[in-house]
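Structure, as C-alpha cells:
Number of protein chains: 4
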Amino acid sequence: MSTKTGFIGLGIMGSPMAANLVKAGFEVTGYDLNAPNVAKLAAAGGTGAASIAEAIEGAEVVITMLPAHPHVAAAVLGAGGVFETVKPGTLFIDFSTIRPETSIEVAQAGAARGVRVLDAPVSGGEKGAIDAVLSIMVGGEPEVFAAARPVFDAVGKVAALCGPAGSGQVVKAANQLVVGGTYALVAEAIVLMEAAGVDAAAGLDMLAGGLAGSRILELKRASMLARDFKPGFRIDLHHKDMGIALDAARQAEVALPLTSLVAALIQAARAQGLGDQDHSALLAVAENLSGRSGRSARKAN
Amino acid sequence: MSTKTGFIGLGIMGSPMAANLVKAGFEVTGYDLNAPNVAKLAAAGGTGAASIAEAIEGAEVVITMLPAHPHVAAAVLGAGGVFETVKPGTLFIDFSTIRPETSIEVAQAGAARGVRVLDAPVSGGEKGAIDAVLSIMVGGEPEVFAAARPVFDAVGKVAALCGPAGSGQVVKAANQLVVGGTYALVAEAIVLMEAAGVDAAAGLDMLAGGLAGSRILELKRASMLARDFKPGFRIDLHHKDMGIALDAARQAEVALPLTSLVAALIQAARAQGLGDQDHSALLAVAENLSGRSGRSARKAN
Amino acid sequence: MSTKTGFIGLGIMGSPMAANLVKAGFEVTGYDLNAPNVAKLAAAGGTGAASIAEAIEGAEVVITMLPAHPHVAAAVLGAGGVFETVKPGTLFIDFSTIRPETSIEVAQAGAARGVRVLDAPVSGGEKGAIDAVLSIMVGGEPEVFAAARPVFDAVGKVAALCGPAGSGQVVKAANQLVVGGTYALVAEAIVLMEAAGVDAAAGLDMLAGGLAGSRILELKRASMLARDFKPGFRIDLHHKDMGIALDAARQAEVALPLTSLVAALIQAARAQGLGDQDHSALLAVAENLSGRSGRSARKAN
Amino acid sequence: MSTKTGFIGLGIMGSPMAANLVKAGFEVTGYDLNAPNVAKLAAAGGTGAASIAEAIEGAEVVITMLPAHPHVAAAVLGAGGVFETVKPGTLFIDFSTIRPETSIEVAQAGAARGVRVLDAPVSGGEKGAIDAVLSIMVGGEPEVFAAARPVFDAVGKVAALCGPAGSGQVVKAANQLVVGGTYALVAEAIVLMEAAGVDAAAGLDMLAGGLAGSRILELKRASMLARDFKPGFRIDLHHKDMGIALDAARQAEVALPLTSLVAALIQAARAQGLGDQDHSALLAVAENLSGRSGRSARKAN
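Protein chains in written order, with the numbering used here: chain A, 1 to 301; chain B, 1001 to 1301; chain C, 2001 to 2301; chain D, 3001 to 3301.
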C-alpha cells in the first residue's frame, strides 16, 4: 500500500507533516507557492509539483495546510484549485485552522463533486508537527474519519471526530479561547501578586497545585515570571485564532463576553508590538495596563 | 508536648480543623457563637468555652476560622476580642479568607501587642478540612511560619509562605480569580460547541488533553456537560471571594479587566438564583446570556 | 440640469432616497433584485431597469444602497456589476453601511477605471430617508465630495467629508459603537436603580440634565422605562454594525475592550430573540443577566 | 427666619456651599479638621467651631460634606459625632458622595434618635458649588425633602427626591457610571478613527449631531482631541465613585458587566499615573492599550 497523496501548503507546519507522511509510506506530491518549500519535500523523499493540478493528479488523498480562510477558499474552490480537477471519491483533508463557515462551504462544494471532506485543524505547533504528535480535531462523517485514520496516525498522536463538517474548526476555536483566556487570567494573578508585594513564584506554585492548576501554569509559569516571551506560539497567530472564535460565535449566534474581552487583550498585545512574541506575553499587556511596564522591560534585559 | 490552643469559629471548616488538631495532640479549647458547634468540639476530645476570652486563656496558639472580614475584625480587634486578653508571644493564625487589608490591620495590631500573626487562608473545601489535606497560603514572617509548621501539618497537606502579612489572602484571591475565570471560559467553550452542533464531550476531551487542559476540565467537564451543579463550592462563596479579589486589586492599585468581568458573571449567577449551586453553574449564566437556558433546565430534570 | 443617475438597491432606505432624488430633479433609473421595489420607483417618477447594466447606462452618477459588504462586492465588483460597464469619469456613491475594508477595495477598483468613488453611509433611519434629513458620513477626495454635494443635499440634512476612502464607514462604525454602548450603560443604570428601590424616572431625569446627558437619554428614557422596545433601529441591524466596528478595529490594529463587550451584549440580545426589537432592548439583556426578566415581561403586557 | 445650621466639612465643596447658605440668610456654624477652612467660613460671615458638638449646638439643620464613607461614619455615628448630641427633630442632610449602604445606616441611626435624615450627593463640581448651581440627588422621606427645600435652593439649581434613604447615592452612582462609560466609549471611537486615518474632529462633529450625541461630546470633544486633560473632575475621584457604584450593585444584587469594565479602565488610568488628570484622560488609557501612547504624549507638549 502506497497511497498517492497530494499535499498543498508546505510551510512551517505542512513541510514536516508531508515529510512524516513520506516516512509512513505515503507517496506524496506537494505544491507550495514558495519554490524552496517544494524542493524541501523532494529532498525528504516526496515529489515536487509546479501547480495544484499537478500535485493532485491521480491522488487518492488530497491535503491542504494553509494560513487562513482566503487561502483555503482560493486553493480549493478557486480557479485552478483542487476542486477543479479532483476525482470523485477522493479523500480531502484540510488541516488549516480557519473559520468554520469556510470549512462548511468546502464540505458542501466537495459533496457536490463526490469528494469526501474533513476539516482537521491541529494543535501542537511546529514541534508537534516535526515529532508527529499533533492533536487533530476533526469535523465530518464517521466513515470518512475512519478512512483518514492512516493519515492521522502518520502525523499526530491523537485525533477525534467532534461532529459534522466545521466541527474540527469549532473545537480548535474553543481550545484557543480557553488557552488565551487562561494566559490572561494567570497574567492578572501575577500582576496582582507582584503589585501587592507577594512572592509570585510561591503563589503560582500554590495555584498550580490546586483547582486553579492548568497545563499553562505547569509549563509556563517560570518563563512568565522571568518575562521570557520567546515563542512558542506567537501572539499574531493567536490573534488570528481569536478572530476565528468570534466568527464562529457569530455564526452560532452565541454571545461570549469573556472571549470577546480576551480577543481585545490579544489585539492589544499585537498593537503594542508584541505580535512576534509568545502568547504568554499577555502578561506584558496586563502590566502595561496597570502602569507596571518597567518590570517586563527590566526583566527583558 | 501538648500545645494549648484556642480555636475561634467552629463552623463547617473550623470544626473538622479543630478536631484534626485534637487528633494531632493539640489541647484545643474552642468557641463559636453557635453552641452546638462548641459541643461538637467537646465530643471530639476538645474543650468548649463560653467566650473568646475563655477559649484563649493560657493559649500558646490562637486560631480563627471565620466567614468574612467584619467577623474577624470583631472577634480579633473588637471589644471582648482576642487581642484584648491575648498574651505577648502568642502565635496567632487566621485561617479565614478575608481581604488583605484586614489581615494587614490585624498583623499590625498584633505586632503592637507582641503577638506573632499569620494570615493563612486555605483551599480544599469541607472535604479537605475533614481529611486534613488543605492547601494553606500564608502571609507573615519566616520564623513565625516555621513556628506554625506543626499546626499546618495537623490540618493540611501543603503550606507555603508567600510573603509578608496579607500575602496569604492575596494568593487566595489570585487562586479564586483564576478558578472563577477558568469556569467561565470553559462555559463559553461549551456554549459555543453546543450551539454549533459539535459533540461537546469529544471537544472537551481534546481540550483537556492539550494546552487548554486544567484541573477544572479534568474534574468537572463531565458534571458540567450533565448540568450537575451540586456543590462543591457554592457560587455565594465564590462571589464573596471575587469581592476580596477586587478589593485586593484596588488596594494594590492594579486594573484587572478580566477579573472584573468574571466577578460580574458570578454576581449574575447569584442574581439568577444560583447562589447555592456549584461555581461550575457559571455555565448556566453563559447559556442564559445566549438564550439557551432550556438546555440547562432540561438537563436539570 | 437633469443629472442622469443610476440607483442600485431600492429597499427600505434606498426607495425613499431615490424618490427624493427624483423630487430634486435628478433623472433616476433604478434597479433592485425585488421587482416591486423597481415598480415603486417608476411610480415615483423614476425609471425601472431590469439589470445593473441597464440602470447605469449613460449615467453621470451611480449610487448603491445595499444591505452588507457581500452585496456591495457583488453589485459593484462582480460579474454584471457596476464596474463592468461604468464610464470613466462617473461619480459613484455607495451609501451602504459596510466594513471600511470593502469600501477601500471599491475605491481602488474605481480609481483603476477612472471612476470617482465616495463611501457615504448614513444615519437617521427610514424616517430620515423619507424626510431627506439623513446625516451622511463621507470618505473620499475633497473634489469628489464637492461634486456630490447636490446628491447629498437631495437626501440629507448634513454631510461631512471625514477623510480618505473608507473614512465614512469608520465614522459610522464609531457612531454605532457609541450609540450601542450608551444604551448598554443607561440599561445598567436603570437596572441598578430599580433593584435598589429607587424611582428610576426621577433618577434618569437627573442624569439627563447633567454631564451624563445624551440624545439617547433625551429621546428614549421614557420608552425604556416603559419597556416599549418597538423599533426604531433593530438589534439585528445594530448587531451587523458592531461586526463592522470590530472589523474596522481589527483592520486599524486597535484594541477596543468596551466596544467588544458591547458587541457581545448586542449579540446576546439577538440570541435571546430580541433581534427585531429596538436597540434599546439592551435593557432586557441587562435585566435578564441579573435575574430580573420578570420586569420587562410584565411591562410588556 | 434665620435658620441655625451646623456645617461639618468645609473643604473644596463644603466651603462655597456653606458660604452660599450664609448669603441666603442661614446662620451657619461650621467645623472642619483643617483650621484654615474654619477661618474661611468666619470670613464669609459664618461662625467657626472647634468641634462637631460646638458646631451643631442648637442647630435646626445639620449638614455634612465629607470625602468618603469612613469619614461620614466617624463624624456622624462615631464618638464625638453628630448623633451623640443632636436634638430630636433636627433636619440632617449629608451632601457627601458615599456608598448607599452607609447612607442607609445613617438614616436608620437617625430615625432611632428622631432625626430627619436625607442623603443628598451633588454633581456640578467646585464651580457648581461656588455658583450655587449644583444638581442634588436626594434619598429620604417626601416631607423631609420638602423641609430641606430652602437649603437646596441656597446651594443648587435642581434637587429631586429619588426614593427612600440611600436613593440619592444610588442615582449619583448611576450618573457616574454613565459618565465614566461615555468617556470610555468616546475614547475608543477616537482611537479607532485616528488609527484608521480618519479626521477625528470631523467624525466627532457627526457623532455629536446625531443619536450618539451627549453632553460629554458637546463639552469635551475639543479638549480630548487636543489631549488637554486638565481637571475638571479628577480620575482619582471618579475611581472612588466607581467603587461606590460597584458597592451599590453588590448591595442591590445586580450584575453590571460594562460598569465593571469601565471601573477597571478608570483604575488603569490611576495606575498609569493619571489620577490627578481630568476623567477624559480615559483617552490616554485607550491609546496606551493600542500602543499609541506617543500621540497623547506628543500632544501634551
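Idealized CB from N, CA, C, for every residue including glycine.
When beta bridges are read from the DSSP output, Ser-2123 (chain C) appears opposite C:Ser-2135.
Counting only residues of its own chain and dropping the five nearest sequence neighbours on each side, Thr-1182 (chain B) has a CB closer than 6 Å to the CB of Ser-1214 and Ile-1216.
In this chain, the alpha helix (DSSP H) harbouring Lys-240 (chain A) covers 235 to 252. Ranked by Cα distance from His-3238 (chain D), the first of D:Gly-3203, D:Ala-3226, D:Ala-3281 and D:Phe-3007 is D:Ala-3281. Boundaries for Glu-3054 (chain D): no beta strand (DSSP E) harbours it, while the alpha helix (DSSP H) harbouring it runs 3052 to 3056, taken from the DSSP string. For Gly-163 (chain A), the CB contacts under 7 Å within the same chain, skipping 5 residues up- and downstream, are Gly-139 in chain order. Assigned with DSSP and collapsed to three states, Leu-2211 (chain C) falls in coil, not helix or strand. Using a Cβ distance threshold of 8 Å, Pro-2121 (chain C) and Lys-2172 (chain C) count as a contacting pair. Under the DSSP assignment, Lys-40 (chain A) falls in the alpha helix (DSSP H) whose first and last residues are 35 to 43. Flagged as an interface residue toward chain A: Ser-2260 (chain C), by a C-beta distance shorter than 8 Å. At a beta-carbon threshold of 9 Å, the residues of chain C lying near Ser-3167 (chain D) are Met-2193, Ala-2196, Gly-2197, Val-2198, Asp-2199, Ala-2202 and Gly-2203, ordered along the chain. Annotation: Cβ neighbours of Arg-1215 (chain B) in chain A (cutoff 8 Å, chain order): Gly-210, Leu-211, Ala-212, Gly-213 and Ser-214. Per DSSP, the unbroken alpha helix (DSSP H) holding Phe-1152 (chain B) starts and ends at 1142 to 1155. For Glu-1253 (chain B), the nearest CB of chain D lies under 8 Å from its own CB, placing it at the interface with that chain. Contact between Ala-2271 (chain C) and Glu-194 (chain A) does not hold, since the beta-carbon distance rounds to 39 Å and is not under 8 Å.
Take the alpha-carbon of Ala-53 (chain A) and the one of Asp-131 (chain A): they are about 29 Å apart. Rounded to whole angstroms, the gap between the alpha carbons of Leu-1207 (chain B) and Val-1186 (chain B) is 10 Å.
Nearest to Arg-1227 (chain B) by alpha-carbon distance, out of B:Ala-1249, B:Gly-1203, B:Val-1178 and B:Asp-1278, is B:Asp-1278.
By the criterion of a C-beta distance shorter than 6 Å, Tyr-1031 (chain B) is surrounded in its chain by Ile-1008, Ala-1049, Ile-1052 and Ala-1055, once the five residues flanking it on both sides are discounted. Contact between the stretch 1015 to 1028 of chain B and the stretch 1146 to 1162 of chain B is present: three or more C-beta pairs spanning the two stretches fall below 8 Å. Sequence-distant partners of Val-2115 (chain C) (beyond 5 residues in either direction) whose C-beta falls short of 6 Å from its own C-beta, in its chain, are Val-2086, Thr-2090 and Phe-2092. Each residue's CA atom was taken as its position, placing Ala-2043 (chain C) and Ala-2079 (chain C) some 29 Å apart. Distance from the Cα of Ser-2123 (chain C) is smallest, within the candidate group C:Gly-2110, C:Thr-2064 and C:Met-2137, for C:Met-2137. Judged by their CB atoms, Pro-1070 (chain B) and Pro-2257 (chain C) are not nearer to each other than the 8 Å cut-off.
The beta-carbon separation of Ala-255 (chain A) and Ala-2268 (chain C), rounded to 4 Å, stays under the 8 Å limit for a contact. One finds Leu-3261 and Ala-3264 in chain D with Cβ atoms closer than 7 Å to the Cβ of Pro-1257 (chain B), taken in chain order. Shown here, Gly-2180 (chain C) sits in a helix according to DSSP, grouped into three states. Along the stretch 2269 to 2290 of chain C, the positions whose C-beta sits under 7 Å from a C-beta of chain B are Ala-2271, Gln-2272, Gly-2273, Asn-2288, Leu-2289 and Ser-2290, read in chain order. If only uninterrupted alpha helix (DSSP H) runs of at least 4 residues are considered, those enclosed by the stretch 1045 to 1116 of chain B are 1052 to 1056, 1069 to 1072, 1082 to 1085 and 1100 to 1112.
Closer than 8 Å to the CB of Met-3137 (chain D) there is at least one CB belonging to chain C.
Residue contact check for Ala-222 (chain A) against chain B: no CB pair falls below 8 Å.
Beta-carbon to beta-carbon, Phe-1083 (chain B) and Ala-1109 (chain B) are separated by about 6 Å, close enough to satisfy the 8 Å threshold.
Per DSSP, Thr-3 (chain A) lies in no alpha helix (DSSP H) and is assigned neither H nor E. Gly-2014 (chain C) carries a helical assignment under DSSP once its states are collapsed to helix, strand and coil. Apart from sequence neighbours up to five positions away, the residues of its chain that approach Leu-2274 (chain C) with a beta-carbon distance below 8 Å are Phe-2229, Ile-2235, Ala-2281, Ala-2284 and Val-2285, ordered along the chain. In the three-state scheme derived from DSSP, where H, G and I count as helix and E and B as strand, Ala-1165 (chain B) is classed as coil.
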